[in-house]
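**Student:** All residue numbers for the sequence shown refer to the working numbering, where the first residue is 644 and numbers rise by one. A single structure is presented below for examination.
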Amino acid sequence: MNPQVTNLVMMLGLMQAAKKIPFEDEKILNLLRACYLLSNIIILGIYAYVGMVINKKNDMTTMKYVEPAAPLSGEEPKAVTTTIKEYDQTQLKAAYKSTLMGIGMMAFMHIYMKYSNPLFIQSIMPLKSAFESNLVKVHIFGKPAAGDLKRPWKASGFMGAAGAGETKTDKKSIENAEKVARGGAKEE
644 MNPQVTNLVM MLGLMQAAKK IPFEDEKILN LLRACYLLSN IIILGIYAYV
694 GMVINKKNDM TTMKYVEPAA PLSGEEPKAV TTTIKEYDQT QLKAAYKSTL
744 MGIGMMAFMH IYMKYSNPLF IQSIMPLKSA FESNLVKVHI FGKPAAGDLK
794 RPWKASGFMG AAGAGETKTD KKSIENAEKV ARGGAKEE
């Protein structure tokens, strides 16, 4: 089943369940805080383990792809040459950054703005997303990096597919991007 559909269904269900939780009760609120912290500790632990697996595998296989230009930037797509290890480490850093930004936003909403409802939902949804990430599928669950798991991975999330364009791995696209990067003539 599509992860975005399951996320939407889960979100709606969790929002309905959150309406029944007495957030005014200090014991319940402290339990939710503990669950939120535990959830994020588990996520960070998963990513730390993935990092150890990436370093242990030390896959230095070269990969080339064309990274799309940022929307409305006027820039050209650029050719990227990297190794599988470096690519996975870059994806892992992005996962850490996303998790830490989520923790920061939740801290702001809960401590400064006094919202408690998101504690419940954010204890579950990021954990689900971590287990559905390509890094976890490949490095923990041992799924082969083929099909949808073939690197480079498509951007996930709400604006992932529509936001930046498609990453290309075909030889012609790579050659054209390399030619532009060297200052060669663009083919029209």
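Yeah, the Cβ is synthetic: ideal placement off N, Cα and C, and Gly gets one too.
1) In this structure, does DSSP put E710 in helix, strand or coil?
2) Under 6 Å Cβ to Cβ from V723, same chain only, skipping five residues before and after it: list those, please.
3) Out of F784, G785 and K811, which has the shortest C-alpha to C-alpha gap to R794?
4) For K797, which three-state DSSP category applies?
5) Which residues bound the beta strand (DSSP E) around A788?
6) Let me confirm a value: V781 is counted as buried when at least 16 other C-beta atoms fall within 10 Å, else exposed. Which label applies?
7) When the cut-off is 8 Å and only beta carbons count, does Y739 lie next to chain D?
8) Taking all protein chains shown into account, decide if S772 is buried (16 or more other Cβ within 10 angstroms of its Cβ) or exposed.
9) Measuring straight from C-alpha to C-alpha, what distance separates M802 and P714?
10) Can you tell me where the alpha helix (DSSP H) holding K670 begins and where it ends?
11) Nearest to T704 by CA position, among E669, Y730, T726 and W796, is which residue?
12) Could you have a look at M653 and say whether DSSP puts it in helix, strand or coil?
13) Cβ of L778 within 8 Å of Cβ of Y679?
14) Could you give the distance in angstroms between the alpha-carbon of R676 and the alpha-carbon of F784?
15) Find the nearest neighbour of G736 within the set T649, I689 and E669, judged by alpha-carbon distance.
16) For P769, which residues from the same chain have a beta carbon less than 8 Å from its beta carbon, with the 5 sequence-adjacent residues on both sides left out?
17) Quick one: Cα of K786 to Cα of S776, how far?
18) Out of I764, M706 and E667, which one is the CA nearest neighbour of A660?
**Tutor:** Concretely, from the data shown:
1) strand
2) Y708 and E710
3) K811
4) coil
5) First-last for A788: undefined, no H or E at that position.
6) Around the CB of V781, 16 or more other CB atoms lie within 10 Å, so the residue is classed as buried.
7) No chain D appears in this structure, which consists of one protein chain only.
8) buried
9) Residue placement at M802 is flagged as unreliable, the pLDDT there being 46, under the threshold of 50; a coordinate-derived value is accordingly withheld.
10) E669 to K700
11) T726
12) helix
13) no
14) 29 Å
15) Contrary to the premise, residue 736 reads as Lys rather than Gly in this sequence. Of the candidates T649, I689 and E669, the one whose C-alpha sits nearest the C-alpha of K736 is I689.
16) S682, N683, I686, T742 and G745
17) If you take the alpha carbons of K786 and S776, they lie about 12 Å apart.
18) I764
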